[in-house]
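Numbering-wise, the sequence shown is residues 25 to 352 according to our numbering.
The block underneath contains the structure these notes are about, expressed in structure tokens.
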Amino acid sequence: MRRPLNSLIQSSVYAFYKVLTTHCHALKLGTLADVYTANKILNDYTRCKELHIARKLFDEIPHRDTVSWNTMIAGFVNCGNLETACKILKNMRRCDFDFDGYSFGSLLKGVASAYRLEVGQQLHSMVIKMGYEENVYAGSALLDMYAKCEKVEDAYTVFEYLPEPNSVSWNALIAGFSKVGDRSTAFWLLHCMEKEGVRAEDGTFAPLLTLLDDIEFYKLTIQIHGKIVKHGLAFDNTVCNAMITAYSECGSIRDARKVFDGAVGMRDLVTWNSMLAAYLVHEEEELGFQLFLDMQRLGFEPDIYTYTSILSACFEKAHKSHDNPCMP
């Protein structure tokens with residue numbers, strides 16, 4: 025269920041007030057000269073998305089360190105300002121500060137979100153030049169960037185350079201091959217991941233479930249469901265939503281409904297929309313209409329996807345009525 029907007033605003037205002045108070049207190053005590061204290065306040069400002077204040081504080085820190093620069097890079101990336109984040113990285117280099125895996129990782133996160141492949145390739149060259157290709161944080165971010173830009177061969181090349189790939193690395197690679205529809209490679213990677221003893225997570229299974237989109241994959245869907253239960257992820261929201269869609273696409277509205285019913289207390293709007301879409305795929309308009317009423321009764325506000333599904337159901341029902349008029 026959505027959190028009320030006024031609660032979010034109150035929480036945001038309180039967080040900003042708290043960091044502002046801490047900043048004033050540090051100024052009064054003269055502790056801003058301590059880089060640890062300054063970085064903590066700097067990070068809090070970026071979390072509040074108060075980047076103009078964060079930038080002013082950053083410029084005033086007498087003894088910046090790598091953490092100071094990384095905090096500013098991450099702050100601008102998280103606010104969607106990739107260009108400024110790139111400029112900060114360049115200034116960091118110009119000022120002779122050492123980069124680390126987090127410097128590249130944060131920036132590559134923004135590149136991946138913006139699908140700026142050309143910028144990512146430039147950063148990759150810097151990563152190689154500075155010897156961070158085997159750094160798990162920078163390497164995983166590079167891998168994720170290539171995967172999201174659908175350059176899965178490049179992603180796999182980066183993956184092979186990682187000395188000890190973690191779950192984030194494996195998940196990014198699986199998600200990449202899933203995105204381009206390479207079913208065999210994606211499931212082969214799952215097998216390799218399990219063989220290496222790396223624990224599967226929600227980010228492992230959710231992309232794989234998107235590949236199970238036909239009745240011929242029904243048994244495989246059941247197998248993946250079993251793995252999900254085994255790993256304790258049966259009640260994970262993202263996985264549940266993906267399972268509802270997978271079972272529906274594989275022809276089993278009954279199994280889709282079982283997953284939906286088992287998600288009581290964890291459903292979000294996507295869960296309801298997934299089940300609604302499943303009913304429409306199986307031409308169960310009446311059940312879809314009832315679900316639409318149930319979700320509103322329980323306090324879930326429909327979005328554009330909900331209304332699109334309901335309108336489709338209305339048209340379908342009208343079409344059926346037209347084809348089968350009542351006999352006098």
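Every residue, glycine too, gets a C-beta built ideally from N, C-alpha and C.
These figures come from a predicted structure and were not determined experimentally.
The shortest C-alpha to C-alpha distance from Tyr-156 to any of Tyr-126, Met-169, Lys-172 and Val-135 is the one to Tyr-126. Assignment of Tyr-139 by DSSP, reduced to helix, strand and coil, places it in the coil class. For Ser-164, the enclosing alpha helix (DSSP H) stretches over residues 160-172. In its chain, beyond the 5 residues on either side, Trp-93, Met-96, Ile-97 and Phe-100 have a beta carbon closer than 8 Å to the beta carbon of Ile-112. For Ala-199, the uninterrupted alpha helix (DSSP H) run begins and ends at 191-203, by DSSP. Setting aside the 5 residues that flank it on each side, Asn-195 is surrounded in the same chain by Gly-227 and Thr-228, each with a C-beta closer than 6 Å to its C-beta; the list follows chain order. Counting along the chain, the unbroken alpha helix (DSSP H) around Arg-321 starts and ends at 309-321. Relative to the Cα of Ser-272, the nearest Cα in the group Glu-310, Asp-292 and Leu-233 belongs to Leu-233.
Under the DSSP assignment, Phe-100 falls in the alpha helix (DSSP H) whose first and last residues are 90-102. Take the alpha-carbon of Ile-239 and the one of Tyr-303: they are about 16 Å apart.
Going by DSSP, Asn-115 is part of the alpha helix (DSSP H) stretching over 106-118. DSSP places Asp-226 in the helix class (H, G or I) of the three-state scheme.
Taking the Cα of His-249 as reference, the smallest distance to any Cα among Cys-119, Met-267 and His-47 is reached at Met-267. Sixteen is the threshold: when 16 or more other Cβ atoms of the shown chains lie within 10 Å of the Cβ of Arg-140, as they do, the residue is buried. Residues Ser-191 of the same chain have their beta carbon placed closer than 6 Å to that of Glu-225, with the five preceding and five following residues left out of the count. Scanning its chain for C-beta atoms nearer than 7 Å, with the 5 sequence neighbours on each side dropped, one finds around Val-182 the residues Gly-163, Leu-166, Leu-167 and Tyr-170, in chain order. Here Glu-74 has Phe-40 as same chain residues with Cβ atoms under 7 Å from its own Cβ, once five neighbours each way along the sequence are excluded. Per DSSP, the continuous alpha helix (DSSP H) segment holding Ala-210 begins and ends at 207-219. Inter-residue distance for Leu-131 and Gly-221 is about 30 Å (C-alpha atoms, whole angstroms).
When secondary structure is reduced to three states using DSSP, Ile-239 falls in the helix class.
Pairwise C-beta distances place the segment 82-92 out of contact with the segment 43-55, as fewer than three of them are shorter than 8 Å.
For Ile-85, there is no enclosing alpha helix (DSSP H), since its DSSP letter is neither H nor E. Judged by DSSP in its simplified three-state form, Phe-121 adopts coil rather than helix or strand. Judged by their CB atoms, Thr-269 and Ala-230 are not nearer to each other than the 7 Å cut-off.
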